[in-house]
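Peer 1: Residue numbering for the sequence shown follows the working numbering, starting at 12 and increasing by one per position.
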Amino acid sequence: MSKFDRKTPYNDLPPVPPKANIETTSVLRKTISAGRSLAQLNGAIQTLPNPTLFVDTIHLQEAKASSEVENIVTTNDELYKSLVAGKKVENSATKEVLNYKDALWLGLETLKRKPFITTNLCIQIVQCIRQNGASIRATPGTTLRNPQGEVIYTPPSGESVIREKLANMEKFINDDGDGIDPLIKMAIMHYQFEAIHPFSDGNGRTGRILLLLYLKLSALLDVPAIYLSQYIIEHKAAYYQRLRGVTENEAWEAYILYMLDMIEETASRGLKRLNKIVQTMEETANEIKKKLPRVYSKDLLEILFRLPYSKRQHLIDENIGNPKTVGNYLMELEENGFLKSVKAGKEKLYLNQRLLEILEGN
């Protein structure tokens, strides 16, 4: 293999799996602890009365964090309001985050019908993120630069070369018989996708969606209720350093350990957050039963904890009551401090401040 030159298209990017020893003692040890954290989170989600209850909220948080990695910044408040309110989203950053959430859902729905990660699925995801007809890069001249403007990497060039490398990656991902631990495989897949850099824009976000899809595909997380991008934001310099280490020095161990640490820490944090939400939900249920027994129902409580904001129509759609009854319920919940009403355009939304505070905490 020719020596890597950051200013020359990396058409010699080696296929996967790598020839290097990727299952070192340190990596295997870390795989066990990361797998345990994931299993604990998965178990906690499965024992919930409604395992999909918090999925929307968690996917929005992942979308927000993943977009922040690309310096697309919006607030939780703006994001949740925009999702719940029927008004047109004006803020471009919020639009981008909501597109990311839609792309993640698209990927999960596609996996249900066809449980494979393919080049076509990657294209569908990036098109949803960018809201255009984007496809594999066909024009040369793509380079990645650091904040000082220096070229740090030139990905493979030429559509046929890129498609060939994606086909190799696709085969690697979907081959269950290679004996590589799924978490190690996930790390390798992520490096390879980012190194191929198949699109002119949206590679980072697509690559991070693929991480979640792979956790689902490999049955490591039945409901991908985890947001990995927060870890990358907190350790951004190390993330890019580890990726570059593989490219320039085949330093797979340090990179894989980084990815496994991301899984372990994120799953552990996710479990704590989930327990906190469940505990707060139970406390809120008991308080509503005590103060407003006529208003309380399990279905109502689930609506209030599905997303930080809710509105009258949500309660009507779930048959909580007719418009007049629902209006009275919301007014009583606000009067007793369970909700706070806010205006979003012409709509009135109701904020569950307790849930928002948990989501905004670490």
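Ideal placement from N, C-alpha and C gives every residue a C-beta, glycine not left out.
Keep in mind that this is a model prediction, so the values were computed, not measured.
#1: For the alpha helix (DSSP H) that contains K18, what are its first and last residues?
#2: Beta-carbon within less than 8 Å of E345's beta-carbon, same chain only, minus the 5 sequence neighbours each way: which residues are those?
#3: Would DSSP call V234 helix, strand or coil?
#4: I'd like to know whether the C-beta atoms of Y91 and L318 end up nearer to each other than 8 Å.
#5: Under the DSSP definition of a beta bridge, which residues are partnered with K359?
#6: Which whole-angstrom value is the C-beta distance of I128 and Y225, which I expect to be below 8 Å?
#7: If you draw a straight line from the alpha carbon of V162 to that of A230, how long is it in whole angstroms?
#8: What is the C-beta distance between R216 and S103, in whole angstroms, given that I count them as a contact (C-beta under 8 Å)?
#9: Quick one: residues in its chain with C-beta nearer than 8 Å to the C-beta of R365, no 5 flanking neighbours on either side, listed in chain order?
#10: On the CB-based measure, 16 or more other CB atoms within 10 Å of its CB, does Q203 come out buried or exposed?
#11: Run through DSSP, which three-state label would R219 get?
#12: Rounded to whole angstroms, what's the CA-CA distance from P28 to E358? Just pull it up for me.
#13: Among the residues of its own chain, which have a CB less than 6 Å from the CB of H9, if the five just before and after it don't count?
#14: Which residue marks the beginning of the alpha helix (DSSP H) containing I140, and which one marks its end?
#15: Classify L326: buried if its beta carbon has 16 or more other beta carbons within 10 angstroms, exposed otherwise.
#16: Identify, in the order they occur along the chain, each residue of the same chain with its Cβ nearer than 7 Å to the Cβ of M12, setting aside the five sequence neighbours on each side.
#17: Express the C-alpha separation of A50 and D88 in angstroms, rounding to a whole number.
#18: Considering only their Cβ atoms, is the gap separating F15 from I288 smaller than 8 Å?
#19: In this structure, how does DSSP classify S168 when only helix, strand and coil are distinguished?
#20: Should T35 and E264 be called a contact, given that it needs their Cβ atoms to be closer than 8 Å?
Peer 2: So, to answer that:
#1: For the purposes of this step, residue 18 is taken as residue 7 along the sequence shown, with counting starting at 1. Premise fails: K18 is in no alpha helix (DSSP H) and is neither H nor E.
#2: Mapped onto the sequence shown, residue 345 falls at position 334. Taken in chain order, the residues that qualify are K351, S352 and Y361.
#3: On the sequence shown, position 223 is the one that residue 234 refers to. DSSP places V234 in coil when its eight states are reduced to three.
#4: Mapped onto the sequence shown, residue 91 falls at position 80. Mapped onto the sequence shown, residue 318 falls at position 307. Their beta carbons are under 8 Å apart, which means Y91 touches L318 by this criterion.
#5: What you label residue 359 is simply residue 348 of the sequence shown in a count that begins at 1. According to DSSP, K359 bridges with K354.
#6: Here residue 128 is taken as the residue at index 117 of the sequence shown, counted from 1. Here residue 225 is taken as the residue at index 214 of the sequence shown, counted from 1. The pair is a contact, with the Cβ atoms about 7 Å apart (cut-off 8 Å).
#7: Walking along the sequence shown from the start, residue 162 turns up at place 151. Walking along the sequence shown from the start, residue 230 turns up at place 219. Rounded to whole angstroms, V162 to A230 spans 39 Å at the Cα level.
#8: Locating residue 216 in the sequence shown gives position 205, where the first residue counts as 1. Locating residue 103 in the sequence shown gives position 92, where the first residue counts as 1. Not confirmed; about 15 Å, so no contact.
#9: Within the sequence shown, residue 365 is the residue found at index 354, counting from 1. T291 and T295.
#10: By one-based count along the sequence shown, residue 203 stands at place 192. Its Cβ being crowded by 16 or more others within 10 Å, Q203 is buried.
#11: Along the sequence shown, one-based indexing puts residue 219 at 208. Helix.
#12: The residue given as residue 28 occupies position 17 in the sequence shown. The residue given as residue 358 occupies position 347 in the sequence shown. Answer to the nearest angstrom: the Cα atoms are 53 Å apart.
#13: Residue 9 lies beyond the range of the chain shown here (12 to 373); nothing can be said about it.
#14: In the sequence shown, the residue the question calls residue 140 occupies position 129. T130 to R141 is the span of the alpha helix (DSSP H), which, as asked, contains I140.
#15: As a working mapping, residue 326 is identified with position 315 in the sequence shown. Per the 10 Å Cβ criterion, buried.
#16: On the sequence shown, position 1 is the one that residue 12 refers to. Legend: pLDDT at M12 = 44, less than 50; position of this residue unreliable, value from coordinates given subsequently. For M12, where only same-chain residues beyond five positions count, the Cβ hits under 7 Å are D23 and P25.
#17: Your numbering for residue 88 matches position 77 in the sequence shown. Your numbering for residue 50 matches position 39 in the sequence shown. If you take the alpha carbons of D88 and A50, they lie about 31 Å apart.
#18: Residue mapping note: residue 288 aligns to position 277 of the sequence shown, counting from 1. Residue mapping note: residue 15 aligns to position 4 of the sequence shown, counting from 1. No. Outside cutoff.
#19: What you label residue 168 is simply residue 157 of the sequence shown in a count that begins at 1. In the structure shown, S168 sits in coil (DSSP, three-state: anything other than H, G, I, E or B).
#20: Reading the sequence shown from its first residue, position 24 is the one you call residue 35. Reading the sequence shown from its first residue, position 253 is the one you call residue 264. It is a contact, given that the beta carbons lie within the stated cut-off.
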